[in-house]
Every structure is written in C-alpha cells, then in structure tokens.
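Heads up: the structure comes next, in structure tokens.
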Amino acid sequence: MTTLLTVLFCSLDIIYTAGIGGEFLGCGCPGEEGGIARIAHYIKNTPHHLLIDAGGIFGKNRFVDSIALVNLKEYNFDAIAVSGNELQFGPEFINRLSARAPLLCSNVYYLGQPLAKEYIIKSVNGKKVLITAVIEEELPEVEVLEPKTAINRIKANPLVKDYDIHINILNGPHRRLIIENIGYVDADWTRRIGLLKIENNSIKNSVTFLDSTIPEDHLTREKINSVLYYLKNLPARQIISDFPATVSIIYYYNDDDSLVNHFLPLLVREYRGMVGITYIKKTDQKPAFKIGERIFSAATPETTIQILRKEILRVLDYGGDKKVQVVYFPNPNCPECGRYNLLLEAFKKNNPDIKIVHSQDEVLLERFYEVYEVPLKKRQKPIIFIGKNYLPYGEIESSNLQIEGNIPWPKIYGID
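Those letters in the sequence shown? Residues 213 to 628, per my numbering, in order.
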C-alpha cells in the first residue's frame, strides 16, 4: 500500500520555473526582466532540493528552444514538464529531445508509446519523491489519456510504490504544482521564479520577480553559457574530432567598439576550439560581424548575443564548408616534422577535398586527446587527427596517411 505524507516530512525546498518562452536575455522590456541568465543566477544562489520547470519553455523558434531545453538540463533541472506549448513543433520533436533532457509527460502517447518520461523519482533526505506531469487539453497527432487514469496507472507500477510525497505538474487552463494531500500553487506567470517550501504538511510559497536588480557582472558568464551550452551538448566527437572550430565568426570592429574588449574575448576564452573568431579592424564603418555568409551590424552586447545565438544555430543546421579536415599538431623541435609536412602536402594534392589545419593550441590538443581517448604514452607531438582516427608519433610516416575504407564524415560547419 502506498504511504502518503501524513507525518512531518523533512523540509523540502523546490525551485520552480514556468513560461520561459525561449528567452535567454530577458523580455526586452524596460529593466531587462526575466531570462535564463537570471534564472541561473537565482538557482546558484538559493539552497534547494528539487528543481522543476512547470512548462512553457518554448518560444517560436525550435532551434533557440532546443538551446533553452539543454540549458535547463545543464543547470541540473530534475524534471521539465511538457505542456501543449512544447508540442507546437510536433510530437517527434519532443520525442527526440526527451533523450537529451528530463522531459516529463505522464498522460500523452505518440504512436502507442509515451511521449516522454511518464514519471521521475528522486530521493531527498532519505525520502522518495514521485514527480508526474499531465496535460488537460486535446492535442493533435497524439493520444491524451484522462489525467487521473494515467496517474493511477503510474501508481500501480511496482517500481513506484511506497513513495513519501507526490508532486504533480498540471498544464491546462491553469498551470499548477499540486502536492498530493497538502495543496497546490499556481504558476501562471512568466519572467518569475518560485521557491516552494514543504514543511509540517504545509506549503510556504514565494515568487520572485526576475528583474534588473541582479548585478550585470554576475550575469555575463551566464549569458555566454546560455548561447553555447547547446554546442557543448552536441556529441563530443562531432564537435571536436571533426573540426577545431564549430562555428567561425569574422568580426569587423572600430576603435569605439566595446564588444571587442567585452563580449567576444570572453566567448573565445571560455570556449576555445568551439567558436573561432577572426578580428579585422575597419575604422571607416560601424562595427559588424560575419557568420557564414551573412554580415550583421553590431549593436549592444545583448543584441549581439541574440544574433550570435540564431546564426550559430543556422550554420550548425545547414552546414557550411564541406571539406574534410585533417588536424595536425606539429612539434617545432621535431627533426622529422619537415618530412611530415611534405607528406601532408602530397596527401592534400592527391585528395583535393582534404583541408589540413595546423595548430599549436595546447588547450585544443588536450581536448583532442580526451575525445579520441589517446593513451598517456601516445600523448606527444607530432600527432595527426583525421576522421575517427588518430596517428601518433611513430605511426605517421609508416601509415602513409592511408585509412582503410571511406571516412564517414559529418558536415563541416563555418567558413574559411
């Protein structure tokens, strides 16, 4: 028999968000309210046991919304409820994303299978917390089970029995967090964040308005993270082993441009090897930057981040340079390296689709070592990475750069 919360439950603090709407830098209104950067700041500075999003993550751009979802995972959200809003891009989109984040939907089925996880169980201070999420509305392309029927089915599961507390997230005419046998709180708001305390079988709820009172310097790193967590969560081999810079940006600046000294250097420093930036000084025009084949005017750092976010995703989605890359880390003190350079040049002549990148970036080299799982005894320069393989020192010349079979190569993104 299921044991419900009828005695003192050790204090349970839940931070919950709702209605993020794909916003990273706020709503754009006076005071710069809301946004994932401010949510991240609040989360990192507020003690809590559970972190829950009650739904309404998505805005109107599925690429940006994918980043929002990965951001919540990066900030260690325990459960992210699926609402009707999340289904605007179709059930297959949610189905795919559910493998990358703790998406939760207890009563919606697609092609006979649950749309996302039906329930999540967390252990808090030795207590078993059951989290479910239901949608109270008719939706196209999917089967929506009556919420009570779906919840009872989950509770009948032997793996679920003997829970101590049940939190159900309701999305419908109202968005609510329902604590079984105790009460509920409404979450019909945006640009805010809630702190729910359960103690002595009662609820204490406070909602904080995410406004501009948070110091700007506390948000800078979160803004950068918000743009690039998506890139970090792509398969590591796709990001690193195939190209040293996932997205290349050419930045034209003048003497009056604060972005050169503020945002873009931080971007490079924090994510070396993932975003490559080339600076070109242009004193006769306003600051601008080029991503792929597009050129944009640079405005405020916030506007620039928004454009970067969209264009990085666009380049990632559609691809740019299709050439295969060979990444070569030479050793300046190596007497054999002259022969290796000649070998690479000959290899390129016979393989015109090959693009050879020479790099002395030690940070990037360490990242290659980790992704390719190069044994410690082989971690020395010169070394060559090509496709899914690497050629360590001592094997480069003997291999003649011949790799058996065709190289399965993903798209190479960015520009020369």
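Even glycine gets a Cβ: it sits at the ideal position worked out from N, Cα and C. Computed from a prediction, not measured in an experiment: that's the story for all the values here.
- prompt: So Val346 and Ser318 are in contact, right, with Cβ under 8 angstroms, and what is the actual spacing, rounded?
  reply: Indeed they touch by this definition, with Cβ atoms about 5 angstroms apart.
- request: Along the alpha helix (DSSP H) that carries Glu304, what are the first and last residues, could you check?
  value: Its alpha helix (DSSP H) spans residues 303-309.
message: Please give me, in chain order, every unbroken run of the alpha helix (DSSP H) with length at least 4 that falls completely inside the region 308-387.
response: As far as the region 308-387 is concerned, its whole alpha helix (DSSP H) runs of at least 4 residues are 359-367.
message: Quick check: the Cα distance between Asn553 and Arg312, rounded to an integer number of angstroms?
response: It is roughly 41 angstroms from the alpha-carbon of Asn553 to the alpha-carbon of Arg312.
task: State the DSSP-derived secondary structure class of Lys535, mapped to helix, strand or coil.
output: Its pLDDT being 43, under 50, Lys535 is placed unreliably by the model, and the measurement read from it follows with that caveat. Of the three classes helix, strand and coil, the one that applies to Lys535 here is coil, per DSSP.
task: Might you give, ordered along the chain, the residues of its own chain that have their beta carbon closer than 6 angstroms to the beta carbon of Leu357, omitting 5 neighbours on each side?
output: Correct list, in chain order: Asn319.
- prompt: Three-state secondary structure (DSSP) at His570?
  reply: For His570, the secondary structure class from DSSP, reduced to helix, strand or coil, is strand.
field: Three-pair Cβ contact test at 8 angstroms for the region 255-264 versus the region 221-231
entry: Segments in contact, yes.
message: Quick check: Ile366 and Glu330, are their CB atoms within less than 7 angstroms of each other?
response: Yes, they are a contact pair.
- prompt: Taking C-alpha atoms, which residue in Arg388, Asp265, Leu422, Asn545 lies nearest to Pro314?
  reply: Looking at the Cα atoms, Asp265 is the closest of the given residues.
query: Short check: CB of Asn383 to CB of Ser295, under 7 angstroms?
result: Cβ distance < 7 angstroms, so Asn383 and Ser295 count as in contact.
task: Check the DSSP bridge columns for Ser192 and list the partner residues they point to.
output: Past the edges of the chain, shown from 213 to 628, lies residue 192, and the structure says nothing about it.
- prompt: What span of residues does the beta strand (DSSP E) with Ala293 cover, start to end?
  reply: Where Ala293 is concerned, the enclosing beta strand (DSSP E) stretches over 291-293.
task: Give every residue of the same chain whose Cβ lies closer than 7 angstroms to the Cβ of Asp277, excluding the five residues on either side of it in the sequence, and list them in chain order.
output: So the qualifying residues of the chain are Gly234, Ile269, Phe270, Gly271.
- request: Flag this pair as yes or no: are the beta carbons of Asp290 and Lys339 separated by less than 7 angstroms?
  value: Against a cut-off of 7 angstroms, the Cβ pair of Lys339 and Asp290 comes out as no contact.
message: In whole angstroms, give me the CA-to-CA distance for Ile405 and Glu574.
response: Taking the straight line from one Cα to the other gives about 41 angstroms.
Where the alpha helix (DSSP H) containing Ile255 begins and where it ends: For Ile255, the enclosing alpha helix (DSSP H) starts and ends at 248-256.
message: I need the boundaries of the beta strand (DSSP E) containing Tyr228, first residue and last residue.
response: Note, Tyr228: beta strand (DSSP E), 224-229.
Reduced DSSP secondary structure (H/G/I, E/B, other) of Asp277: DSSP places Asp277 in the helix class (H, G or I) of the three-state scheme.
- request: In the DSSP assignment, find the unbroken beta strand (DSSP E) run with Gly395 in it and report its ends.
  value: Taken as a continuous stretch (DSSP letters only), the beta strand (DSSP E) holding Gly395 covers 395-398.
task: Evaluate Leu371 with the Cβ neighbour count: other Cβ atoms within 10 Å of its Cβ, from every protein chain shown; 16 or more gives buried, anything less gives exposed.
output: Counting of Cβ neighbours within 10 angstroms places Leu371 among the exposed residues, the total staying below 16.
Pairwise C-alpha distance: Asn417 and Tyr254: Near 16 angstroms, if we compare the C-alpha coordinates of Asn417 and Tyr254.
message: What would DSSP say about Tyr605, mapped onto helix, strand or coil?
response: Three-state result, Tyr605: coil.
message: By the three-class DSSP mapping on this structure, what secondary structure does Tyr581 have?
response: Tyr581: helix per DSSP, three-state reduction.
- request: Would you mind working out which of Glu578, Leu577, Ile596, Pro604 sits nearest Lys590, comparing C-alpha positions?
  value: Closest by alpha carbon: Pro604.
field: Range of the contiguous beta strand (DSSP E) that encloses Leu263
entry: Per DSSP, Leu263 belongs to the beta strand (DSSP E) from 262-265.
query: Between the Cα of Ala293 and the Cα atoms of Ala328, Phe305, Glu304, Gly324, which residue gives the shortest distance?
result: Of Ala328, Phe305, Glu304, Gly324, the smallest CA-CA separation from Ala293 is found for Ala328.
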